[in-house]
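Participant: Residues 11 to 79, numbered by our numbering, are exactly what the sequence shown covers, in order. Structure incoming, see below.
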Amino acid sequence: MKSPPRWRVAAQQRHVLVEERDGGAMLTGCGFLVWPNAYDARMVDPPICITCRYLYSEDDTGRADVRSP
């Protein structure tokens, strides 16, 4: 199911999630297919995915917009 891109913790990093798939899988803005786990929910300050950071902007609401060149 397509959803607006948003910043979330997945695969022990902050990624932009662009699509949710069956079985709880999520497609990230950098192209990885990831599944959430319990460790993601407990991370205090996870590192930011470098590729997602380059491709998407970030604001305080968690919304992600595609960067224009």
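Backbone N, C-alpha and C define an ideal beta-carbon position, used for all residues, glycine too. The structure displayed is predicted, hence computed values, not measured ones.
Give the secondary structure of A51 by DSSP, where H, G and I count as helix, E and B as strand, and everything else as coil.
Facilitator: Locating residue 51 in the sequence shown gives position 41, where the first residue counts as 1. It is helical.
Participant: For T61, which three-state DSSP category applies?
Facilitator: Within the sequence shown, numbered from 1, the residue matching residue 61 stands at position 51. Residue state, collapsed to three classes: helix.
Participant: Going by DSSP, what residue range makes up the beta strand (DSSP E) through W17?
Facilitator: Sequence index remark: in the sequence shown, residue 17 carries index 7 (1-based). Residue range K12 to A20 is occupied by the beta strand (DSSP E) that includes W17.
Participant: Express the C-alpha separation of Y66 and D75 in angstroms, rounding to a whole number.
Facilitator: On the sequence shown, residue 75 is found 65 positions in, with the first residue counted as 1. On the sequence shown, residue 66 is found 56 positions in, with the first residue counted as 1. About 5 Å.
Participant: Please report how far the alpha carbon of P15 lies from the alpha carbon of A48, in whole angstroms.
Facilitator: By one-based count along the sequence shown, residue 15 stands at place 5. By one-based count along the sequence shown, residue 48 stands at place 38. The straight-line gap from Cα to Cα measures roughly 22 Å.
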